[in-house]
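**Student:** Here our numbering is used: the first residue of the first sequence is 3, the next is one more, and so on. Glycine included, C-beta positions come from ideal geometry on N, C-alpha and C. These numbers come from a predicted model, not from an experiment.
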Amino acid sequence: MALEIYNVLHRAKEPFEPLHEGKVNMYVCGPTVYDHAHIGHAKTYVSFDVVVRYLRYSGYDVLYVQNLTDVGHLLDTGEDRILKKARQTQAVPMQIVETYTRSYFEDMDALGVVRPDISPRASGHIPEQIKMIERLIEKGHAYVSKDGNVYFDVTSWPSFGKLSNRQIEDQQAGVREDVREDKRHPADFALWKIAEPEHILRWDSPWGVGYPGWHIECSAMAHKYLGTTFDIHGGGIDNIFPHNECEIAQSEAANDAEFARYWMLVGTLMVPDEFGIPTKMSKSLGNFYTIKDALKLHRPEVIRMFILGAHYRNPIVFSEEALDAARRGWERIYGAVRLTREKLRTAPEGEAGNAFLDTLEQARRQFISAMDDDFNAPGGIAALHELTREVNILLNGEQPVGRAVLEAIDQTYRELGGQVLGIVPEEAESASGSAEREEGLIRLLIELRAQARADKNFQLSDLIRDRLSELGITVEDRPDGTVWRIN
RNA sequence: GGCGACGUCGCCAAGUGGCAAGGCAAGGGUCUGCAAAACCCUCACCGUGGGUUCGAUUCCCACCGUCGCCUCCA
3 MALEIYNVLH RAKEPFEPLH EGKVNMYVCG PTVYDHAHIG HAKTYVSFDV VVRYLRYSGY
63 DVLYVQNLTD VGHLLDTGED RILKKARQTQ AVPMQIVETY TRSYFEDMDA LGVVRPDISP
123 RASGHIPEQI KMIERLIEKG HAYVSKDGNV YFDVTSWPSF GKLSNRQIED QQAGVREDVR
183 EDKRHPADFA LWKIAEPEHI LRWDSPWGVG YPGWHIECSA MAHKYLGTTF DIHGGGIDNI
243 FPHNECEIAQ SEAANDAEFA RYWMLVGTLM VPDEFGIPTK MSKSLGNFYT IKDALKLHRP
303 EVIRMFILGA HYRNPIVFSE EALDAARRGW ERIYGAVRLT REKLRTAPEG EAGNAFLDTL
363 EQARRQFISA MDDDFNAPGG IAALHELTRE VNILLNGEQP VGRAVLEAID QTYRELGGQV
423 LGIVPEEAES ASGSAEREEG LIRLLIELRA QARADKNFQL SDLIRDRLSE LGITVEDRPD
483 GTVWRIN
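1) With a threshold of 16 other CB atoms inside 10 Å of the CB of Gly352, please say whether the residue is buried or exposed.
2) On a CA-only basis, which of His143, Pro208, Tyr56, Ala437 is nearest Leu5? Give me that one, please.
3) Using three-state DSSP, classify Arg366 as helix, strand or coil.
4) List the residues that DSSP assigns as beta-bridge partners of Glu478.
5) For Ser509, tell me which candidate among Ile318, Phe162, Ile202 has the shortest Cα-Cα distance.
6) Report the rounded CA-to-CA distance for Trp194 versus Ile135, giving the unit in angstroms.
7) Buried or exposed: which applies to Gly424, given that a residue is buried once 16 or more other Cβ atoms fall within 10 Å of its Cβ?
8) For Arg405, which of Glu323, His235, Leu362, Pro350 has the nearest alpha-carbon?
9) Based on Cα-Cα distance, which residue from Phe377, Asp412, Ile98, Pro380 lies nearest to Asn394?
10) Between which two residues does the beta strand (DSSP E) harbouring Asp63 extend?
11) Can you grab the Cα-Cα spacing for the pair Ser471 / Glu441, in whole Å?
12) How about Tyr227 and Pro129: do their beta carbons lie closer than 8 Å?
13) When you compare the stretch 306-315 with the stretch 253-269, are there three or more beta-carbon pairs, one atom per stretch, that lie closer than 8 Å?
14) Which ranges does the alpha helix (DSSP H) cover as unbroken runs of at least 4 residues, wholly within the stretch 394-465, from first to last along the chain?
15) Report the three-state DSSP secondary structure of Arg178 (helix, strand or coil).
16) Mind checking Phe50: buried by the 16 CB within 10 Å criterion, or exposed?
17) Would the beta-carbon of Leu310 fall within 8 Å of that of Val52?
18) For the stretch 138-150 and the stretch 85-97, state whether three or more C-beta atom pairs, one from each stretch, are separated by less than 8 Å.
19) Would you call Pro244 buried or exposed, if buried means 16 or more other Cβ atoms sit within 10 Å of its Cβ?
20) Just list the alpha helix (DSSP H) runs in the stretch 246-334, keeping only unbroken ones of 4 residues or longer that don't cross its boundaries, in chain order.
21) Below 8 Å between beta carbons: does that hold for Ile305 and Ala39?
22) Determine the DSSP secondary structure at Leu5, reduced to helix, strand or coil.
23) Do Lys345 and Leu397 count as a contact pair if the criterion is CB distance below 8 Å?
24) From Asn289 to Thr281, what distance separates their C-alpha atoms?
25) Spatial neighbours of Met223 within its chain, please: CB distance less than 6 Å, with the 5 preceding and 5 following residues excluded, ordered by chain position.
26) Quick one, are the C-beta atoms of Leu446 and Asp233 less than 8 Å apart?
27) How close, in whole Å, do the beta carbons of Ile41 and Tyr291 come, if the pair is a contact with beta carbons under 8 Å?
28) At what residues does the alpha helix (DSSP H) containing Lys25 begin and finish?
29) Could you check whether Val26 and Val64 sit closer than 8 Å to each other, using their CB atoms as the reference points?
30) Counting along the chain, where does the alpha helix (DSSP H) carrying Pro129 start and finish?
31) Taking only three categories from DSSP, how would you classify Glu16?
32) Can you have a look at Asp72 and say buried or exposed, based on whether 16 or more other CB atoms are within 10 angstroms of its CB?
33) If you measure between the beta carbons of Ile218 and Ser166, is that distance less than 8 Å?
34) By a C-beta neighbour count over all protein chains shown, 10 Å radius and 16 as the cutoff for buried, is Thr2 buried or exposed?
35) Based on the DSSP secondary-structure assignment, which residues constitute the bridge partners of Asp360?
As structure tokens, then:
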């Protein structure tokens with residue numbers, strides 16, 4: 003079966019057929035860089051990371067663009083998020099942007115999220131945005147208000163609302179309307195705003211000194227780097243309205259062409275509130291848990307395992323217990339990988355045990371069939387778990403296993419668990435000078451302990467094991483020797 | 001009020017018109033000097049009520065419940 007994607011645009015799974023064979027152009031809405039990223043962001047970007055990795059694994063040439071919003075994203079009060087943070091910390095706006103952009107990449111790198119090919123910033127694409135706004139005005143889809151702001155005229159675009167299936171007249175008009183608004187229709191949205199004196203993030207434009215609306219950046223930058231029509235647009239489901247909807251309307255109105263062909267939206271990460279009711283994790287609610295904090299307690303692979311344990315479209319509820327369960331499941335898989343690599347150190351040459359290659363092939367097929375089904379990562383992980391049982395049986399059994407088979411096992415884990423899902427580390431632990439020395443010392447202690455065990459001096463052998471355990475090193479005795487790992 | 005998603009074993013979570021993956025936890029074994037790990041065994045009739053069908057957890061309707069969005073949020 004070939005790849006199918008659930009297209010939010012049509013609320014159905016559809017065979018994936020890129021515009022240009024073998025090539026995928028993809029855009030994902032990135033973060034607003036005014037604070038550290040939290041694990042809700044991790045869910046979205048790890049999810050799309052796996053999408054990109056799997057597409058590449060499947061042989062597609064992917065161009066992945068993910069923007070950074072650094073201007074125009076306003077608060078209820080009308081204040082720009084970036085400016086507010088700058089005022090609070092007595093910094094200039096671009097310092098804030100730089101600080102949190104670096105923080106964002108630091109977190110994503112730590113989580114093993116492959117960087118987008120292009121990470122365009124809104125503030126770096128003001129001319130492109132102005133140009134698009136001009137086109138919209140020319141075509142009669144936007145107007146300059148009496149206060150000098152430019153708005154998109156939703157009544158000029160009948161298909162407005164097609165992604166979220168909303169009829170503008172059905173919405174409760176004025177629910178959160180700004181009383182100062184000078185729009186023709188409550189649903190009209192800002193393309194360009196005239197800057198108040200204190201609004202120092204400002205640019206010249208045909209309509210006066212001001213700044214772009216939030217939505218126009220994605221349309222302008224997607225157009226610049228991916229063309230008028232591209233394959234996949236991704237983001238969090240919480241931005242389906244108004245943001246994604248506005249992107250579609252203004253892009254299709256300006257370019258006379260379909261915007262994105264497949265829309266993929268990721269379910270929200272929730273966190274229990276004080277009463278235990280799941281609530282969306284968000285910066286504004288203040289109930290967020292930063293990626294940096296999560297990484298202090300958990301390995302990146304475990305955080306990925308937690309996120310990928312549910313299908314990307316579904317919401318997940320965050321808790322330490324859930325992360326803990328993910329950790330145990332991950333340890334099971336990684337334990338088999340480690341055992342494989344340990345055996346590889348001393349494996350005999352040859353094809354012994356090569357009947358196992360069928361099992362590997364079957365696991366790969368199962369994995370691919372899950373991932374081809376709208377990137378069903380939980381199904382992919384299940385395939386890995388089932389493989390892991392077979393690997394454990396093989397490696398703990400009596401039959402000799404040759405190097406060829408061990409290498410094939412390792413390779414399967416590297417590709418499916420490493421390359422695609424990013425939950426299997428490349429190498430055990432890094433081999434820096436001090437790490438090598440540490441490893442040597444641990445092996446020395448294990449040798450001494452083996453001697454103590456041979457002498458039935460269990461008091462000493464247990465002492466060594468206990469003291470190593472206190473240092474975070476677990477020792478396991480196997481029939482063919484002792485293995486160890488750092489917790 | 002409108003739009004959308006969801007409700008599957010103690011917990012997490014896939015899935016299918018024809019006897020319900022996987023993980024965690026739990027109980028019982030095997031192995032071990034003792035552990036640990038691993039392996040084996042045990043552990044669900046799919047929110048409620050209707051309907052369609054030879055047959056529904058899977059399709060349709062209603063209801064109950066939960067969440068998201070309705071111009072701050074990945």
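**Tutor:** Based on what the coordinates show:
1) exposed
2) Tyr56
3) helix
4) Val485
5) Outside the modelled stretch of the chain, which goes from 3 to 489, sits residue 509, for which no answer is possible.
6) 8 Å
7) buried
8) Pro350
9) Asp412
10) 63-68
11) 15 Å
12) no
13) yes
14) 405-414, 435-456
15) Low confidence applies here, because Arg178 scores a pLDDT of 44, under 50, leaving its location unreliable; read the following figure in that light. Coil.
16) buried
17) yes
18) no
19) buried
20) 247-257, 293-299, 302-310
21) no
22) coil
23) yes
24) 9 Å
25) Asn69, Pro122, His127
26) no
27) 6 Å
28) No alpha helix (DSSP H) contains Lys25, which is instead part of the beta strand (DSSP E) from 25-30.
29) yes
30) 128-140
31) strand
32) buried
33) no
34) Nothing about residue 2 can be reported from this structure: the residues present for the chain run from 3 to 489 only.
35) Note: Asp360 sits in no beta bridge, so no partner.
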